[in-house]
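Count along the sequence shown from 1, add 24, and you get the number used in the working numbering. Positions of the beta carbon are idealized from the N, C-alpha and C atoms, including for glycine.
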Amino acid sequence: MTLLNSVAQAGNVVIFTIHQPAYSVFAAFTKVLLLNGGKLMYYGLTCDAPDDFASLGYPVPKNTNPADWILVRRKDGSYRMIPYFFLIH
């Protein structure tokens, strides 16, 4: 992650695909784009993701990896209640 961050800081675009990352890896990203079935589920600053979901009534529980929580929401389908216009910012 340190190397990829250095590459990005040098002005390059870094695209990284990862499934169910550890919290330390998830938190290392500046922005996150989440897809579900090829459709956009969320795009925004990684640090804002928990607050963005919470503001819509989907709070990430304390001491929970946001990446794990989002994956569970994707699997149980509850994210479908979240309006896309809010999440795409």
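Can you grab the Cα-Cα spacing for the pair residue i / residue j, in whole Å?
| i | j | result |
| --- | --- | --- |
| Val37 | Val31 | 8 angstroms |
| Ala78 | Leu27 | 32 angstroms |
| Leu69 | Lys99 | 22 angstroms |
| Tyr66 | Asp76 | 10 angstroms |
| Ala73 | Ile42 | 17 angstroms |
| Val49 | Met25 | 7 angstroms |
| Asn87 | Thr54 | 20 angstroms |
| Leu95 | Leu64 | 14 angstroms |
| Gly35 | Trp93 | 31 angstroms |
| Asn29 | Pro45 | 16 angstroms |
| Gln33 | Arg97 | 32 angstroms |
| Gly61 | Ala52 | 25 angstroms |
| Leu58 | Gly81 | 19 angstroms |
Exposed or buried, which one is residue i when buried takes at least 16 other CB atoms within 10 Å?
| i | result |
| --- | --- |
| Ala91 | buried |
| Ile123 | What is shown of the chain runs 25 to 113, which leaves residue 123 out entirely. |
| Val84 | buried |
| Val56 | buried |
Tell me which same chain residues have a C-beta within less than 6 angstroms of the C-beta of residue i, skipping the five on either side of it?
| i | result |
| --- | --- |
| Asn150 | What is shown of the chain runs 25 to 113, which leaves residue 150 out entirely. |
| Cys71 | none |
Counting only runs of 3+ residues fully inside the stretch 31 to 81, write out the beta strand (DSSP E) ranges in chain order. 55 to 60, 63 to 69
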